[in-house]
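Protein chains: 2
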Amino acid sequence: MGKLLIVGTVAFDAIETPFGKTDKILGGAATFIGLAASQFDIDMAIISIVGDDLPEEYLGILAAKNIDLSGIEVIKGGKTFFWSGKYYNDLNTRETLVTELNVLADFDPVVPKNYRDSDVVMLGNLHPSIQLSVISQMEKKPKLIVLDTMNYWMDNTLEELKEVIKKVDIITINDEEARQLTNEHSLVKAASIIQTMGPKFVVIKKGENGALLFHKDNIFFAPALPLKEVFDPTGAGDTFAGGFVGYLAESKNISFNNLKNAVIHGSNLASFSVEKFGTERMKDLEKSEVKSRLRQFKELTQFDIELQ
Amino acid sequence: MGKLLIVGTVAFDAIETPFGKTDKILGGAATFIGLAASQFDIDMAIISIVGDDLPEEYLGILAAKNIDLSGIEVIKGGKTFFWSGKYYNDLNTRETLVTELNVLADFDPVVPKNYRDSDVVMLGNLHPSIQLSVISQMEKKPKLIVLDTMNYWMDNTLEELKEVIKKVDIITINDEEARQLTNEHSLVKAASIIQTMGPKFVVIKKGENGALLFHKDNIFFAPALPLKEVFDPTGAGDTFAGGFVGYLAESKNISFNNLKNAVIHGSNLASFSVEKFGTERMKDLEKSEVKSRLRQFKELTQFDIELQ
Chain C
-10 MGKLLIVGTV
0 AFDAIETPFG
10 KTDKILGGAA
20 TFIGLAASQF
30 DIDMAIISIV
40 GDDLPEEYLG
50 ILAAKNIDLS
60 GIEVIKGGKT
70 FFWSGKYYND
80 LNTRETLVTE
90 LNVLADFDPV
100 VPKNYRDSDV
110 VMLGNLHPSI
120 QLSVISQMEK
130 KPKLIVLDTM
140 NYWMDNTLEE
150 LKEVIKKVDI
160 ITINDEEARQ
170 LTNEHSLVKA
180 ASIIQTMGPK
190 FVVIKKGENG
200 ALLFHKDNIF
210 FAPALPLKEV
220 FDPTGAGDTF
230 AGGFVGYLAE
240 SKNISFNNLK
250 NAVIHGSNLA
260 SFSVEKFGTE
270 RMKDLEKSEV
280 KSRLRQFKEL
290 TQFDIELQ
Chain H
-10 MGKLLIVGTV
0 AFDAIETPFG
10 KTDKILGGAA
20 TFIGLAASQF
30 DIDMAIISIV
40 GDDLPEEYLG
50 ILAAKNIDLS
60 GIEVIKGGKT
70 FFWSGKYYND
80 LNTRETLVTE
90 LNVLADFDPV
100 VPKNYRDSDV
110 VMLGNLHPSI
120 QLSVISQMEK
130 KPKLIVLDTM
140 NYWMDNTLEE
150 LKEVIKKVDI
160 ITINDEEARQ
170 LTNEHSLVKA
180 ASIIQTMGPK
190 FVVIKKGENG
200 ALLFHKDNIF
210 FAPALPLKEV
220 FDPTGAGDTF
230 AGGFVGYLAE
240 SKNISFNNLK
250 NAVIHGSNLA
260 SFSVEKFGTE
270 RMKDLEKSEV
280 KSRLRQFKEL
290 TQFDIELQ
C-alpha cells in the first residue's frame, strides 16, 4: 500500500456565498487534501498544528478516514488558524475577510518516524520554510514530491519558494500564479519555464475552466465537470490535489499516461467538493458516487475520431 | 456528397493586435466558415453580398476551395462591409473601432436553386430577418440548421431572433450570450432553457476555454488547444462553426456521438486560424497538418481509466 504524507493547514473556515453563510466550520488545505485522498487505498498521514479550540469531532472526521493524525500537534490554550471569505455573484471573485494565523505562526513541523519513508509527499500551501523542513526530514527520497503554493508566497518569500520549487517533482499552481511566477502570459510558455526551475511536471489549475498537465512537449487537459450549481468553491483546489496525489500514491506509477488519470481523479473529486459548504460533501462521499461520476467524465471528454 | 449552404458576411477586416496591424484584409463570417468547411469532402455554397471594391483575388481564395459563389451578389459601385477592431494585451479584450455595414444594409439573400435542398444550412451571424429568409427559401427540409448569433441581436432584435431560434436544430453562442439570452448564470441551466426555445443541441463557445455541447442530459466538452502564441483571434468562432458543420455535412450523421467529433473538428481548425492574421493560416492549410493536430487533440484529452 502506498504511503502518502500531507503537510498543510487544518483550520476553521467561515464562508459566505450568494447561497448562504456558515459559522466556523472545518477547513484547511490538509483537511481537503486528506478527505479527497481517502478515496484511495493508501496509508496516509497529515502533519499540521491546531489549537485545543478545534472540536474533537473535527479531527474525528479525518480519523474516520483512517488518516494518521499523530503528526497533528494540538496546542493547549492555542487558537486554530482561522480564515473567513466571501464569494460574489459568479463565485469567481472572492474577498478574504479575516486571516488569523494563530498557532500556525509558530508551526515547526515534525514528520512522524513512520512516514519518513513515504512514497508521495504533498506539500500543501504554507510558508516555504515549513515545506522545506518537511522535505529535509525525509529519510528516503520520496518517489514524488508535489508542491502547492500561492501568489502570497511569490510576493513575500520568493527566494525561499524557489528553493522549494527546485526540490519538487510536480507543482500545482493556478493560471494567474503561473503567469506571475514566470512573467509570461502564455500558459504553454509559462509551464516550460517552470520546468526549468525544477519540477518535471506542472499542473496549472483554471478553476471552473479545468486543469492542464505539462511535461516536456506533452499536454493533457481535464475539464471541470459542468454543474447545475456550484455552491461553495472553498477547498476545490486542495480537493483536486488530494485526488491527484491519492491516486498516484495508490498506483505508484508516475508515467505521463498515469498522471493524466490522476488529473482526472482530481477533477472528479473537486466536482463533488463544490456542491456543499466546506467538507460537507466530501466527508460522506461514497465510492459508488465517485465511480459513477468518473463515467460522466469519460462521456464528457472521450470521442472516437479514427486516425490512420 | 453532403451539401452545405452558408449565409454570412464576406468582408474587409482591419485588425490590430499586440503583435501587429493589418490594412483591409479578407474577413467575414462566411469566409472563415467556408475555409474551415473546405477541409471536408462536401459540396458547398456561400450566400453573401459585397461591393465591387472587394479584390477579385479575395473571392478567388474561396473559389479555389471549390466553394460555389453564385450566391454572392456583387454590387456595382457598392462598398463591402468593413469591420475594424483592436485587441489588448491578453487578446481576451477587444474593442470595435469601425463597423461600416455598406452593402450589407440592403442584403436580401437569394438561395441558389441548386442549394435549396442542402443537407446542412449554416446561418452565420447576421440580422435574424436575413437568417429567416434563408430558412424560408429551402425547398426541402434540411437535415440540420445551425445558427450563430451574438449579443447585438439580443439587444436590438430579440423577438425576431427568437423566431429564428425556434426553427433551428443547433445554436452556437458564447458563454456570456447564453447567460444573456436566458438570464441564468449556470451554463448547464442556460443550455437547458435554450433547448426549450427550439434547438435540440446547444454549443456554448468559451474562447480559449473551449466549447461545450449540450443535448438533454448529455454534455461534451472540447478544449481549445493550448498554444504557445495566439496571434489573432478574429474568426476563431466562425472557423470553429465551419469545422463543425463541414464535418456534419460530410458525415451526414447527427447522433450525439458524431456531434462530439464535430466539436473536436471545429476546435481543431480554430486552433490554426488564430496562429496568423485573418485568413492567412486557413487559406493554405494542408489536410496532413489538420490530421496531425487531431492527434494532438487525442493526446490532450483521452485517458484510460478503466471502469467496470
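Chains as they are written, first to last, in the numbering used here: chain C, -10 to 297; chain H, -10 to 297. Just so you know, even glycine gets a beta-carbon here, dropped at the ideal spot from N, CA and C.
- For Leu289 of chain H, the CB contacts under 7 angstroms within the same chain, skipping 5 residues up- and downstream, are Pro212 and Leu214 in chain order.
- By the Cβ criterion, the segment 103 to 117 of chain C is in contact with the segment 138 to 155 of chain C, since at least three pairs of Cβ atoms, one from each stretch, lie closer than 8 angstroms.
- Listed as beta-bridge partners of Phe203 of chain C by DSSP are C:Val191 and C:Ile208.
- For Thr6 of chain C, the closest C-alpha among the options C:Pro222, C:Asp206, C:His204 and C:Phe71 is that of C:Pro222.
- Closest by C-alpha distance to Met33 of chain C, out of C:Ala25, C:Lys155 and C:Tyr47, is C:Ala25.
- Per DSSP, the continuous alpha helix (DSSP H) segment holding Arg282 of chain C begins and ends at Lys276 to Thr290.
- Within chain C, the residues whose beta carbon sits less than 9 angstroms from that of Phe292 of chain H are Phe209, Ala211, Asn246, Lys249, Asn250, Val252, Ile253, Phe286, Lys287, Thr290 and Gln291, listed in sequence order.
- DSSP places Thr223 of chain C in the coil class of the three-state scheme, outside both helix and strand.
- Annotated three-state conformation of Tyr141 of chain C is helix, per DSSP.
- Scanning chain H for C-beta atoms nearer than 8 angstroms to the C-beta of Asp79 of chain C yields His174, reported in chain order.
- Look at Tyr76 of chain H here: in three-state DSSP terms it is strand.
- Among the residues of chain H, those whose CB is under 8 angstroms from the CB of Asn198 of chain C are Lys195, Asn198 and Gly199, following chain order.
- Gly231 of chain H places its beta carbon 8 angstroms or farther from that of Lys194 of chain H.
- For Glu218 of chain H, the closest alpha carbon among the candidates H:Leu201, H:Ala259 and H:Glu264 is that of H:Glu264.
- Using beta-carbon distances, Val109 of chain H does not count as an interface residue toward chain C, since no partner is under 8 angstroms.
- Per the Cβ contact rule, the segment 76 to 95 of chain H is not in contact with the segment 15 to 30 of chain H (fewer than 3 Cβ pairs under 8 angstroms).
- When secondary structure is reduced to three states using DSSP, Thr(-2) of chain C falls in the coil class, being assigned neither helix nor strand.
- Residues of chain C with a Cβ closer than 7 angstroms to the Cβ of Leu216 of chain H are, in chain order, Val177.
- Ser277 of chain H is classed as exposed because its beta carbon has fewer than 16 other beta carbons within 10 Å across all chains shown.
- Looking at the backbone, the Cα of Asp2 of chain C and that of Glu45 of chain C are separated by about 16 angstroms.
- By the neighbour-count criterion, in which a residue is buried when 16 or more other Cβ atoms sit within 10 angstroms of its Cβ, Leu296 of chain C is exposed.
- Closest in alpha carbon position to Phe209 of chain C, among H:Thr185, H:Asn250, H:Arg284 and H:Gln169, is H:Arg284.
- Counting other Cβ atoms within 10 Å of its Cβ, Lys(-8) of chain H reaches 16 or more and is therefore classed as buried.
- For Leu296 of chain H, the closest Cβ of chain C is nearer than 8 angstroms.
- Per DSSP, Leu112 of chain H is one residue of the beta strand (DSSP E) stretching across Val109 to Leu112.
- In the displayed model, Glu84 of chain C falls within a strand according to three-state DSSP.
- Leu58 of chain H: member of the beta strand (DSSP E) spanning Ile56 to Ile64, first to last residue.
- Buried is the label assigned to Thr268 of chain H, since at least 16 other Cβ atoms lie within 10 Å of its Cβ.
- In the DSSP assignment, Asn163 of chain C falls within the beta strand (DSSP E) that extends over Ile159 to Asn163.
- Near chain C, meaning a CB-to-CB distance below 7 angstroms, the residues of the segment 259 to 281 of chain H are Lys280.
- Within chain C, the residues Ile294 and Leu296 have their CB atoms less than 7 angstroms from the CB of Leu283 of chain H, given in chain order.
- In the structure shown, Thr171 of chain H adopts helical secondary structure according to DSSP, grouped into three states.
- In this model, Phe71 of chain H and Asp137 of chain H are separated by some 19 angstroms (Cα to Cα).
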